[in-house]
Amino acid sequence: MTESNPIGERLRSLVNTVQRNERALQRFQQIELRLIEAEDFAAFLDILTGELVQVFDLGAATLWLDDGARLAAELHAAVAQSAAASGRLRWGRTEGLDLPGTAPQLGPVALFSAPARAALLGATPESASAAILPLRHRSGLLGYLSLVSESGERFAEGMATDLLARFAGFVSAGLVNVAQREQLKHLGMTDSLTGLPNRRYFEMRLEEELQRAARQAVSVACLFMDLDHFKQVNDTHGHAVGDRALAAVGACIRSAVRLGETVARFGGEEFVAVLQGDRANAHVVAERVRRAVEALVVRDNEGGEVPVTLSIGVAVTPGTTADKGAAARALIEAADGALYCAKRAGRNRIVFAQHEEYEEHEGHEGHEEREACEQDEIIAAALPDETTPQP
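Written out as C-alpha cells, the structure is:
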C-alpha cells in the first residue's frame, strides 16, 4: 500500500500551477504581439475581442470605453458601425457601475451590479463567470475589458489576478497608442515615408508631456537623433536606398521605445522621441536605440549591406517651467546641441546635455549649445570602443 506523501503532492501541485501560468503567459504574449502589429483601431479591436476569445476559449470579450475620457473622443471617428452593432465595443460613463477602478474583479455574473452587467456583459447568463479588467493610463480610467466564460468556475473569486492585471496594463498602453495613430490620420500629422508622426505632432505631444510632468513633478527626456553620413549614403547608393534606410531606421527606433511613448521624424534624416522618466531611463533607452540601429541591415539595390549608425543627443528636464511652449523649445534645442557634440566626438554615440545649460539659455538660438560643447559642459555617455571617422 502506497503511503500518502503530502510534501510530494504539494510540490506536484506547485509545479502544475507554474506550468499552467507559463502557458497562460505565452498565450497573453502572443496576443500582445498581435496588438502591437495592429495598423488601426479596427484591427486592434478584432484582435482584442476576436483572437483573444479563440486563444483562451472564452465565451466573449467586450471593450467598454468611458465616454468622458479624452481617448474615447479620439477613437469615436475610427469606430466601424459593424463593431459597435456587434456588441464588442461599447461606450458609456463610469458613474453607477459600482466597479473597482484599479484591480480586476472576478466572479459569477450574478456577483456584478445590474448596471455593470447591462453595460459590460449584456445578455450573459447568470450561470457564467466573468473577469472585468480596469484599463488605466496616466490620464486615469479609460474603460474596462470584460472576459466571459460559460463555465461558472473559470473566473472565480479569490483567484490570482497578476497575469490579468499585467495584460490590462498592456491593453491600456496599446489603446493610447492606437488612439494617437487614429488622431494622426485626422490631423495630417504622419510622415508618409516612415509612417511615424511628423514634427508638428511631436511638438504638440512634447508640450503635453511637459504639462503632465509639471503636475506630477516627474522628468521628461527628449532624444534628438541623426543618421550618420546620410549624405554619403544618398550620394553613393541613390535616394531610393536612402529612403529605404530612413524607413528602416524609423521602424527600428519605434520598436526600441516603449509602447505609448512618442517617436517622430523631425525632418530629413533627423528623428526625435519624448520619453517619460529620468536621466537613467533615458540613457537605457537611448543606448538600446543606438545598438538596434547599429545592428540594422539595410541593403542597396545590388543586395550589398549599407552600414547605418545613429548619433543621439539627450536632454532631460523635471518640467517645472511655467511656459510649456518655451520649455519644449529649450528642451529640443538642448538635445540638438548635445547631438552636435555627439557628431563632433565621432558619431555613433550618445551625448547628454547639462540641465543647467539649456535652462539658462531657454528661448535662445542653438549656438549656445555648440559653445557649451566646446567648453565641456556637455557630458558624453556610452561611447563605443571605436569611433566612426568623419568625412
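Here our numbering is used: the sequence shown runs in plain steps of one and ends on residue 500. C-beta: ideal position from N, C-alpha, C; glycine also.
Top-ranked residue by Cα proximity to residue i, from the options
i: GLY351; options: ILE362, HIS338 and CYS361; result: HIS338
i: ASP271; options: ALA169, ASP176 and THR211; result: THR211
i: PRO217; options: PRO234, ALA227 and ALA228; result: PRO234
i: GLY205; options: LEU220, ARG199, ALA225 and LEU215; result: ALA225
i: ALA169; options: VAL394, LEU256, THR418 and GLU266; result: LEU256
i: SER301; options: ALA373, VAL327 and ARG321; result: ALA373
i: ALA219; options: CYS361, PHE137, ALA265 and ALA178; result: ALA265
i: LEU215; options: ARG263, GLN325 and GLY201; result: ARG263
i: SER328; options: ARG132, PHE150, ASN286 and GLY386; result: GLY386
i: ILE362; options: HIS348, PHE333, ALA152 and ASP344; result: PHE333
i: ALA269; options: ARG324, ALA133 and ALA227; result: ALA133
i: ASN307; options: ALA288, LYS294 and GLU318; result: LYS294
i: ARG247; options: GLY359, MET313 and GLN320; result: GLN320
i: GLY369; options: GLY283, VAL460, LEU305 and ASP149; result: GLY283
i: VAL303; options: GLY413, GLN138 and VAL381; result: Looking at the sequence shown, residue 303 is not Val but Thr. For THR303, the nearest C-alpha among the options comes from VAL381.
i: ARG400; options: LEU384, VAL417, GLY413 and ARG179; result: VAL417
i: GLN289; options: ALA356, PHE461 and TYR310; result: TYR310
i: GLN138; options: GLY412, ARG458, ARG275 and GLU442; result: ARG275
Rounded Cβ spacing between residue i and residue j (contact assumed at less than 8 Å)
i: LEU250; j: PRO213; result: 13 Å between Cβ atoms; not a contact.
i: PHE165; j: ARG199; result: Incorrect: roughly 20 Å between the Cβ atoms, too far for contact.
i: VAL394; j: LEU419; result: Rounded, the Cβ-Cβ distance is 13 Å, inconsistent with contact.
Contacting residues, own chain, Cβ-Cβ under 6 Å from residue i (five flanking each side not counted)
i: GLU379; result: ASP335
i: ALA193; result: With a pLDDT of only 44 at ALA193, under 50, the local geometry of the prediction cannot be trusted, and the value read off the model is given with reservation. So the list is empty, once near-sequence residues are dropped.
i: LEU161; result: ILE140 and ALA170
i: GLU468; result: Any reading at GLU468 needs caution, since the residue's pLDDT is 43, under 50, leaving its predicted position unreliable; the model's value is listed next. Result list for GLU468: empty, nothing under 6 Å.
i: SER236; result: GLY261
i: GLU318; result: VAL329 and VAL383
Contacts around residue i, its chain only, beta-carbon distance under 8 Å, and the 5 residues preceding and following it disregarded
i: VAL415; result: VAL342, HIS346, VAL350, ALA354, VAL407, ARG408 and ASP409
i: GLY434; result: GLU316
i: SER238; result: LEU215, GLY216, PRO217, VAL218, VAL257, SER258, SER260, GLY261, GLU262, ARG263, PHE264 and ALA265
CA-to-CA distance, residue j to residue i, given in whole angstroms
i: ARG197; j: SER281; result: 17 Å
i: LEU242; j: LEU172; result: 10 Å
i: ALA444; j: GLY376; result: 15 Å
i: LEU296; j: SER260; result: 45 Å
i: GLY446; j: ILE421; result: 10 Å
i: LEU448; j: ARG456; result: 9 Å
i: ALA451; j: ARG129; result: 49 Å
i: ASP176; j: GLN463; result: 43 Å
i: HIS392; j: ALA223; result: 49 Å
i: THR299; j: VAL425; result: 25 Å
i: GLN163; j: LEU154; result: 14 Å
i: ALA454; j: ALA151; result: 46 Å
i: GLY159; j: LEU167; result: 10 Å
i: THR203; j: ALA322; result: 27 Å
i: ASP149; j: VAL460; result: 35 Å
i: VAL358; j: ALA404; result: 11 Å
Run of the alpha helix (DSSP H) containing residue i, from where it starts to where it stops
i: ILE362; result: 348 to 365
i: GLY201; result: Per DSSP, GLY201 belongs to no alpha helix (DSSP H); it is in the beta strand (DSSP E), 198 to 201.
i: PHE150; result: 150 to 155
i: ASP445; result: 433 to 453
i: LEU161; result: 161 to 164
i: ARG397; result: 388 to 403
Beta-carbon proximity list for residue i, same chain, < 7 Å, skipping 5 on both sides
i: TYR59; result: The chain is shown only over 110 to 500; residue 59 falls outside these bounds and no answer can be derived.
i: ARG397; result: ALA365
i: GLY472; result: Confidence is the limiting factor: at GLY472 the pLDDT is only 36, short of 50, which leaves the residue's position unreliable and the question unanswerable from this model.
i: ILE156; result: ILE140, ARG143, LEU144 and ALA147
i: ALA277; result: PRO213, LEU242, PRO243, LEU244 and LEU254
i: GLN190; result: Note that GLN190 has pLDDT 36, beneath the 50 cutoff, so the model's placement of it is unreliable and no number is given.
For residue i, the first and last residue of its enclosing beta strand (DSSP E)
i: PHE264; result: Taken as a continuous stretch (DSSP letters only), PHE264 belongs to no beta strand (DSSP E), as it is neither H nor E.
i: GLN385; result: 379 to 385
i: PHE311; result: PHE311 -> not in any beta strand (DSSP E); alpha helix (DSSP H) instead, spanning 308 to 325.
i: HIS246; result: 238 to 246
i: GLY335; result: Reading off the sequence shown, one finds Asp at residue 335, where the question assumed Gly. From DSSP, the beta strand (DSSP E) with ASP335 extends over 329 to 336.
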